[in-house]
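Chains as they are written, first to last, in numbering that gives the first Met the number 0: chain Y, 0 to 445; chain G, 0 to 400. Here a beta-carbon is modelled for each residue, glycine too, at the ideal position from N, C-alpha and C. The structure presented is a predicted model; accordingly, all values stated were derived computationally and were not measured.
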Amino acid sequence: MSKTHIIRRGLNLPIVGEPSQKLDLTEFVRSFALSPSDYINLNPKLIVKVGDKVRAGDCIFHDKSNDNIRVTSPISGEISAIERGPKRRLDRIVIRSDEKCEYVDFGKEFSADKESTQNKLLLSGAWTLIQMRPYGCIANPNDTPKAIFVNGMNSSPLAPKTSISLKGREEDFATGLIVLKGLSPRTILSIDVDEESKTLIEAENVEVHKFSGPHPSGNTSVHIAKISPINKGDVVWTLGAQDVAIIGHLFNSGELHLDKCISAAGSGMIEPRYVNVRAGQSLTEFFKKNAKPGNYRFISGSVLTGAKVEREGYLSAYANQITIIPEGENTDFLGWVLPGFAKYSMSRAYFSWLFPKRKYNLTTKVHGEERAFVVTGQYDKVFPFDIFPNQLLKSIWANDLEKMEELGIYEIVPEDFALCEVICTSKQPLQEMVRKGLDVLYAEMN
Amino acid sequence: MKVLQDILDSARPAVTTGKLKPLYPLYNALETMLFVPDHNASSGAHVRDAIDLKRTMITVIFALIPALIFGLYNSGYQHYRALGMLNDSIGWLQFFTLDNFIFGAIKVVPMIAVTYIAGLGVEIYFAYINKHAVNEGFLVSGLLIPMTMPIDMPLWMIAISTIFAVLIGKEVFGGTGMNILNPALTARAFAFFAYPSFMSGDKVWINTSVEANQNVVDGFSGATALGQYATTGSNNYSAWDAFLGIVPGSIGETSTLLILIGGIYLIATGIGSWKIMLSSLLGAIAISLIFNLVAPSMISPEQQGFLAIPFYFHLVFGSWAFSTVFMATDPVSASHTERGKWIYGFFIGFLGIMIRVFNPAYPEGMMLAIIFMNVMAPLIDHYVVDGNIKKRLKRLKANAQ
């Protein structure tokens, strides 16, 4: 019998552009790219050069401090460009795919031996799918986690339903769970309380926990806090349900297929729906066919945590959705004084609260300027942790490492502050602040 | 709108790079007041709530306006009544008259103007020195300060009090968001201690200036209800009058009814903390009931009388309502934790009524109670947050075993 946890504090953004259940295969894409910046705390050492031929699963770059953590090619083809930013920072490795799609064979054998499992994951690059807490970066293979949390739900705005994303890959998912079982004493799968898919509800080799309530009820941090909170010194590994399926597929077929079924949604999509994609693929063609013309923002990820990409951009490594929403235009004459019947606010300071069921075509407008922290108690309404958000943020601001630890920074990652950032009266960049705090701690501890 | 935008655009080069650069904070404040900027999210979440600090502050101003307008009428009403120019038999039917309003407006509008000019002047100066934008905090303080002053307060005193409050109460700590004391109350406290003869006693609450052929009526007393209680143990205003607000007092504090409406609006919009308001109410009721119990053992009959009054008298007389709704709820100087807000609010009500009753030098205690609790708020927060830290440590220890 699985346990149900009820999350009360949170907020489901009333945003238009929900994906329909229709699923499309995307057409064959020629261009792929890997961005080292997608991988938190990874310091890339490039091992290919322009013109090299690679197969899907061949290493493109690895971590300088740990050679074993490899990022591998999602596709077979030729390295067509290596783009660098200021100070020769590695920005992007572009791979032009051939039509053969050759995969490196990592072998189908599976032994219960932890080391050989880890080696296979590391060698294939599938290891990068496993994240660790604290810090929210790629897991360190030398750690022994107290548990592995598989997130089988997603409560972000316009997010894909896990059961739809997993359709057709049930077997891989089950294999993946067996693989994970060999890595840690405890594996936990969290699912939506309304989940109907038997793949998830009756998943084996895993503890199933149900969660209900508004976003962030689907955030892994919330699940960890409810089931087995992180203390100083604890390590927990986390990954998404589709990542488990990719790992399962690796062990079933011996090949690394970084394929995902994601939602492409938002008011800028002509027809919001589900699409099959591969990590790192070019989105140029997709946007050309599916995005409405006009001034839109293309987001690889959700409106809360995603990365802004260009119309000619690439899907980022960990994205589970694509969102297209309008960019904000025009200043707003006396916008702060007028009743504001059409403005979305969680508070009832604008009279739009008279229409509680309305959904909004939210734009990227900030609606105001950055200010010092003034309002208190606001974040608590959307922050379902036993943590004082204002005090934690101030300790990060003051760079007070001890206070950050005491106030529970190990229990959260930036995405948990995304809703706080949305409703923040002072328009403070909270996710950036939290990332900075975690980086400072990471540098101090490692 | 287009015209305004064009004017602003044409002035932009001068204030950003040209000779008028020192005026940039003023320009920026004006521009962002007229037009909410079209900035787009560049990091973090891509969508944002429509609320900002300007909206938060204007919401408080909306909540203050009924009490302010009532205050204008009341100033005139009290004045003409003191002069015997009203027909007592129809009582307060003569309240909402143009004469009353004009009298009040002539007195109060300059006070508001002076407060804003003095306060925003200091704010803009500091914005220029510290190279940040002008914060909206003063929009509310600038209205609160005149509303807590007696009608005859000289303008220069208001200006000095305001400058003191913004300078010492706020800017030396780093500006809006960093202050320890409520700036509006700092201004009032400064005026109270610097110019006591203009801020307390029986003569200051009603304007009794007379023109030719006018006289103050016989037997007139300008004392507030609390002033009367402190000296005689009784008062000649009914609780009903005080609830409606037809009593002498500071300009904006008299009408409990309209303050209540403002408070409900603040709670409904989510801007004001209902926890602070409710706990202040509980604190005031608690101390009143204690006073009722001990009243018979008091020595002087005045004290007996004052201690014996029912709790709802304390809520409608004096500034309990105004202080609780508009002063105690200032988020910066209040307790920052939700649990702390309960303690903070409770003691504001509790101490406010206690000072009011026990200290004959201060017929009203809310100002001092709030300033005292402003100072205590960080301490309360410290212990609340410490509880959270200890809980985490305990979990760590339990885990280690």
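- Leu33 of chain Y is bridged by DSSP to Y:Ile92.
- Separation of the CB atoms of Met152 of chain G and Phe219 of chain G is rounded to 20 Å, and the pair is thereby denied contact status at 8 Å.
- According to the DSSP secondary-structure assignment, Thr71 of chain Y is paired through a beta bridge with Y:Cys58.
- Closest option to Pro159 of chain Y, judged by alpha-carbon separation, among Y:Val365, Y:Tyr409, Y:Pro413 and Y:Glu17: Y:Glu17.
- By the C-beta density criterion, Glu170 of chain G is buried, having at least 16 other C-beta atoms within 10 angstroms.
- Taking 8 Å as the cut-off between beta carbons, the residues of the segment 312-344 of chain Y near chain G are Thr322, Ile324, Glu326, Gly327, Glu328, Asn329, Thr330, Asp331, Phe332, Leu333, Gly334, Trp335, Val336, Gly339, Lys342, Tyr343 and Ser344, in sequence order.
- In its chain, beyond the 5 residues on either side, Arg29, Ser30, Gly76, Glu77 and Ser79 have a beta carbon closer than 7 Å to the beta carbon of Arg95 of chain Y.
- The alpha carbon of Ala55 of chain Y has as its nearest neighbour, out of Y:Val207, Y:Ser72 and Y:Ser64, the alpha carbon of Y:Ser72.
- Within the same chain, Tyr26 come within 8 Å of Arg11 of chain G by CB-CB distance, once the 5 residues on both sides are set aside.
- Any Cβ of chain Y closer than 7 Å to the Cβ of Asn39 of chain G would place that residue at the interface, and such an atom is present.
- Interface with chain Y (7 Å Cβ-Cβ cutoff): Phe61 of chain G is excluded.
- By the beta-carbon neighbour count (other beta carbons within 10 angstroms, threshold 16), Asp415 of chain Y is buried.
- For Asp97 of chain Y, no alpha helix (DSSP H) encloses it, and the DSSP letter there is neither H nor E.
- With contact defined as three or more Cβ pairs closer than 8 Å, the segment 379-395 of chain G and the segment 382-390 of chain Y are in contact.
- Taking C-beta atoms as the reference points, Asn230 of chain Y and Leu143 of chain G fail to come closer than 7 Å.
- At a C-beta separation below 8 Å, Arg132 of chain Y has no neighbours in chain G, since its nearest C-beta there lies roughly 15 Å away.
- Here DSSP, grouped into helix, strand and coil, assigns Leu337 of chain Y to coil.
- A Cβ-Cβ distance of about 5 Å is found for the pair Ile205 of chain G and Gly221 of chain G, placing them in contact under the 8 Å criterion.
- With respect to the C-alpha of Gly351 of chain G, the residue from G:Pro109, G:His313, G:Val113 and G:Arg391 having the closest C-alpha is G:His313.
- Comparing alpha-carbon positions, the option among Y:Ser266, Y:Gly305 and Y:Ser344 lying closest to Gly367 of chain Y turns out to be Y:Ser344.
- Counting other Cβ atoms within 10 Å of its Cβ, Thr3 of chain Y stays below 16 and is therefore classed as exposed.
- Using a Cβ-Cβ cut-off of 7 Å, Gly75 of chain G does not count as an interface residue toward chain Y, since no Cβ of chain Y sits closer than that to its own.
- Collapsing the DSSP output to three states places Gln280 of chain Y in a strand.
- Only Ala417, Glu420, Val421, Ile422 and Thr424 from the segment 411-424 of chain Y bring a Cβ to less than 7 Å from some Cβ of chain G.
- Remark: C-beta atoms of Met152 of chain Y and Gly217 of chain Y approach each other more closely than 7 Å.
- Membership of Arg168 of chain Y in any beta strand (DSSP E) is not indicated, and neither H nor E is assigned to it by DSSP.
- Within chain G, no C-beta atom comes nearer than 7 Å to that of Asn398 of chain Y; the closest sits roughly 17 Å away.
- Residues of chain Y with a Cβ closer than 9 Å to the Cβ of Lys169 of chain G do not exist, since the nearest Cβ in that chain sits about 11 Å away.
- For the C-beta of Pro330 of chain G, the chain Y residues within less than 7 Å are, from N- to C-terminus, Val373, Val374 and Thr375.
- Note on geometry: alpha-carbon atoms of Ser334 of chain G and Glu201 of chain Y lie some 48 Å from one another.
- Counting other Cβ atoms within 10 Å of its Cβ, Ala397 of chain Y stays below 16 and is therefore classed as exposed.
- For Met372 of chain G, no CB of chain Y lies under 7 Å from its own CB, so it is not counted at the interface with that chain.
- Pairing Tyr23 of chain G with Val35 of chain G gives a Cβ-Cβ distance that is not under 7 Å.
- Counting the other Cβ atoms within 10 Å of the Cβ of Asp171 of chain Y gives 16 or more, which makes it buried.
- With the criterion set as a beta carbon lying under 7 Å from some beta carbon of chain G, the segment 144-161 of chain Y has no members that meet it.
- Here DSSP, grouped into helix, strand and coil, assigns Gly271 of chain G to coil.
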